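Asks:
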Amino acid sequence: GAGVSQSPSNKVTEKGKDVELRCDPISGHTALYWYRQRLGQGLEFLIYFQGNSAPDKSGLPSDRFSAERTGESVSTLTIQRTQQEDSAVYLCASSLAGLSNTGELFFGEGSRLTVL
Amino acid sequence: GNSVTQMEGPVTLSEEAFLTINCTYTATGYPSLFWYVQYPGEGLQLLLKATKADDKGSNKGFEATYRKETTSFHLEKGSVQVSDSAVYFCALSDRANYKLSFGAGTTVTVRA
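Residue numbers (the working numbering), protein chains in the order written: chain A, 1 to 116; chain B, 1 to 112.
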């Protein structure tokens, strides 16, 4: 597609359930990012994928969070045993080889997660 | 570590008013600085950037100057339009230049 696509756009779940969020980056973009935005706060870095390199997972808040990426395409962010503090908008972004080329990340519209 | 502090909103202006959104940063080394904008119903998109001290980024009538002495990157526009209503995010890159640290965002509403 023309832009970064995320699904679902909205997800309401019960505490303790697992959720999976999906991101389709722009074709040809080797770098993919996940960020989290809690209400009234800035974007919080979660994880970064670049080609076949080991991902930078330094932003994942707990071992309940994990992410995978198949080659240079789709990524899924999985949150296990969701807690209310996981409620946020989860943003995916892609770019050409990190920021080195243009300094520009292309963002999806986000997946809004509400944990009841 | 790296951090960005930007002016809290919301900000409400009349059309043709002057807009300033303050942004200051803390970083090691010499980061690149960015302003991203999120229009209603859309994803964040790059508005402008500056990669070294004294550089001025500009786009769509917006400007921001990289001020190393004051560690600032304030966003300005001389005459706003209703279409400028959006959330604006200041950001900086890390030393490895692949990760962005964002401010909390400033919501701007321009009234006709």
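Don't be surprised by glycine CBs; every beta carbon is placed ideally from N, CA and C.
Remember, it's a predicted structure, so these values are computed and weren't measured experimentally.
Name the chain A residues whose beta carbon is nearer than 8 Å to that of E42(B)?
Replies: Per Cβ cutoff of 8 Å: E109.
Asks: Please return the same chain residues whose Cβ sits closer than 7 Å to the Cβ of L60(A), not counting the five positions on each side in sequence.
Replies: L46, I47
Asks: A93(A) CB to nearest chain B CB: under 9 Å?
Replies: The beta-carbon of A93(A) is placed less than 9 Å from the nearest beta-carbon of chain B.
Asks: Taking one C-beta from the stretch 88–97 of chain A and one from the stretch 70–84 of chain B each time, how about it: are there three or more such pairs within less than 8 Å?
Replies: no
Asks: Starting from the C-beta of T78(A), find all residues in its chain whose C-beta is less than 6 Å away, skip the five residues before and the five after it, and write them out in chain order.
Replies: E20, S66
Asks: With DSSP as the reference, label E85(A) as helix, strand or coil.
Replies: helix
Asks: Let me see if you follow: with CB-CB separation under 9 Å, is V4(B) close to chain A or not?
Replies: Answer yes: the Cβ-Cβ gap between V4(B) and chain A drops below 9 Å somewhere.
Asks: Is V80(B) helix, strand or coil by DSSP?
Replies: coil
Asks: Are there 16 or more other CB atoms within 10 angstroms of the CB of D86(A), so buried, or fewer, so exposed?
Replies: buried
Asks: Assign G57(B) to one of three DSSP states: helix, strand, or coil.
Replies: strand
Asks: Can you tell me the Cβ-Cβ gap for T26(B) and S58(B), rounded? I've got them flagged as a contact below 8 Å.
Replies: Incorrect: roughly 25 Å between the Cβ atoms, too far for contact.
Asks: Per DSSP, which one or two residues make a beta bridge with R69(A)?
Replies: Bridge partners of R69(A): S75(A).
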